[in-house]
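Numbering (the working numbering), first residue to last: 277 to 632. Beta carbons: idealized from backbone N, C-alpha and C, even for Gly. As structure tokens, the structure follows; a few thoughts come after it.
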Amino acid sequence: MRSPKDFFRPLAVGAPEPVRQIPFRPSRMIHFFDPGNEKMAAKVPGMVPKTDVLLGNLEDAVAADRKEAARDGLVRIARTTDFGDTQLWTRINSLDSPWALDDLLTLVTEIGDKLDVIMVPKVEGPEDIHYVDRLLAQLEARAGSTKPLLVHAILETASGVARVEEIAMASPRMQGISLGPADLAASRRMKTTRVGGGHPGYLVRTDPVGEDIEHGRTTYQQDLWHYTVARMVDACVAAGILPYYGPFGDIRDTVACEDQFRNAYLLGCVGAWSLHPVQIAIAKKVFSPDPAEVAWARRVIAAMGDGTGAVMLDGKMQDDATVKQCHVVAELADELAKRDPDLAEAYDEATKEALA
Ligand code: GLV
Ligand code: MG
């Protein structure tokens with residue numbers, strides 16, 4: 277077992293010191309773009325003010341003969357775009373592919389200072405993170421980087437889910453984990469061909485009334501991803517890193533996308549991927565607490581004074597635990613308000629009304 281005192285030592289001479297805390301930066305939507313696609317690349321500057329995270333995708337959905345063009349395109353975009361306080365992430369190719377090594381060599385040495393997070397797909401276990409961790413340290417030392425790159429793992433193999441806690445704790449670079457429902461379904465041999473979301477076949481049914489087993493029984497669709505998302509959230513929170521829902525592939529079904537994102541939000545996720553501009557607004561809506569909820573949280577915090585004891589508010593019991601729940605919502609609202617003046621105003625208006 278590794279000694280705790282070595283955990284925050286750079287893994288290469290000359291590499292920057294590992295971070296001790298993962299900074300919370302709004303990342304409600306991780307918007308994917310193909311940096312090798314000229315049309316998409318041209319839209320990037322216009323997307324900067326609309327998104328929390330822009331991710332240059334090099335992996336799946338980029339054809340094998342476009343991998344180099346995507347990598348070169350990302351270098352160009354990173355060098356020529358002002359991202360302000362919007363984060364720039366990338367998803368590299370999987371570690372067993374012919375491209376991953378050159379992805380890391382090129383990106384860290386050419387644009388390591390512009391990138392915030394490197395997303396690593398198809399992570400099987402902590403050994404994959406250890407490999408990336410050491411290689412990044414070597415490359416950062418070579419590039420003279422002053423801040424360490426953070427690493428984000430996609431949870432999309434059965435082995436990864438079985439070892440998600442070890443993955444979350446594998447390195448101080450670990451920033452977060454996203455659910456990858458498409459690859460995960462394939463890896464587990466699940467029988468869904470959808471990218472995320474529910475499935476009408478996954479249901480429970482009420483008991484029969486009398487002898488008729490066919491009719492009069494209500495069915496309830498269940499969430500295929502509940503177990504995995506819940507387990508991922510626990511692993512991430514225990515490690516002090518951030519959990520995310522991944523892709524929702526049915527772009528036209530904005531209603532079901534919103535439902536799936538909201539389930540993830542309620543369970544503790546801080547954001548989701550967006551694969552099309554229409555999903556940016558959905559993620560923004562879902563992963564920003566509702567103004568009425570924020571107003572209620574602030575009201576509970578104000579009523580609870582030093583946070584101990586119990587009070588009744590509108591017939592609802594409040595105590596040390598509920599004030600902590602309210603702090604989660606209020607603190608998230610404060611962070612998002614710093615980035616989003618419209619949201620700040622909506623939160624303040626709702627709070628004024630609630631406290632009046
Ligand atoms: C994402 O990469 C997925 O496989 O769902
Ligand atoms: Mg995948």
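Assigned exposure category for residue i - 16 Cβ within 10 Å defines buried
{"i": "S550", "result": "buried"}
{"i": "K343", "result": "buried"}
{"i": "L479", "result": "exposed"}
{"i": "R296", "result": "exposed"}
{"i": "H502", "result": "exposed"}
{"i": "A613", "result": "buried"}
{"i": "D361", "result": "exposed"}
{"i": "E325", "result": "According to the sequence shown, residue 325 is Pro rather than Glu. Exposed, by the Cβ-count rule."}
{"i": "P402", "result": "buried"}
{"i": "T382", "result": "buried"}
{"i": "L542", "result": "exposed"}
{"i": "M593", "result": "exposed"}
{"i": "D379", "result": "buried"}
{"i": "E314", "result": "exposed"}
{"i": "P397", "result": "buried"}
{"i": "S564", "result": "buried"}
{"i": "Q363", "result": "buried"}
{"i": "E293", "result": "exposed"}
{"i": "R367", "result": "buried"}
{"i": "L377", "result": "exposed"}
{"i": "A632", "result": "exposed"}
{"i": "M588", "result": "exposed"}
{"i": "G221", "result": "Residue 221 is absent from the model: the chain starts at 277 and stops at 632."}
{"i": "K560", "result": "buried"}
{"i": "D596", "result": "exposed"}
{"i": "Y496", "result": "exposed"}
{"i": "T327", "result": "buried"}
{"i": "A578", "result": "exposed"}
{"i": "D282", "result": "exposed"}
{"i": "A444", "result": "buried"}
{"i": "M277", "result": "exposed"}
Endpoints, the alpha helix (DSSP H) within which residue i is located
{"i": "G349", "result": "343-356"}
{"i": "F524", "result": "No alpha helix (DSSP H) contains F524, which DSSP labels as neither H nor E."}
{"i": "D535", "result": "530-543"}
{"i": "A318", "result": "314-323"}
{"i": "S435", "result": "434-438"}
Where the beta strand (DSSP E) containing residue i begins and where it ends
{"i": "F309", "result": "305-309"}
{"i": "S454", "result": "450-455"}
{"i": "L431", "result": "426-431"}
{"i": "S550", "result": "548-550"}
{"i": "G332", "result": "329-333"}
Residue i CB to nearest heavy atom of ligand 3 below 7 Å
{"i": "G486", "result": "Ligands displayed in this structure: ligand 1 and ligand 2; ligand 3 is not among them."}
To test your reading of the DSSP string, which unbroken alpha helix (DSSP H) runs of 4 or more residues are found completely within the region 555-619? 567-579, 596-615
Three CB pairs or more closer than 8 Å across the region 287-298 and the region 399-416: yes
Between the region 480-499 and the region 513-529, can you find at least three pairs of beta-carbon atoms closer than 8 Å? no
Is the region 476-490 in contact with the region 426-446, if contact means three or more CB pairs nearer than 8 Å? no
Where the beta carbon is closer than 7 Å to any heavy atom of ligand 1, which residues qualify, in chain order? D336, P397, I430, E432, G456, P457, A458, D459, L460, V471, G472, G522, P523
With three or more C-beta pairs closer than 8 Å as the rule, is the region 568-586 touching the region 330-345? no
What residue ranges within the region 350-416 form continuous alpha helix (DSSP H) runs of no fewer than 4 residues, ordered along the chain? 376-387
At what residue ranges does the region 441-520 contain a whole run of the beta strand (DSSP E), taking only runs of 3 or more? 450-455, 479-481, 495-497, 518-520
So, does the region 306-323 touch the region 616-629, judging by three or more C-beta pairs under 8 Å? no
Is it a yes or a no for the region 528-536 touching the region 566-573, going by three-plus beta-carbon pairs under 8 Å? no
Under 8 Å, with one C-beta from each stretch per pair, do the region 422-431 and the region 453-462 reach the 3-pair mark? yes
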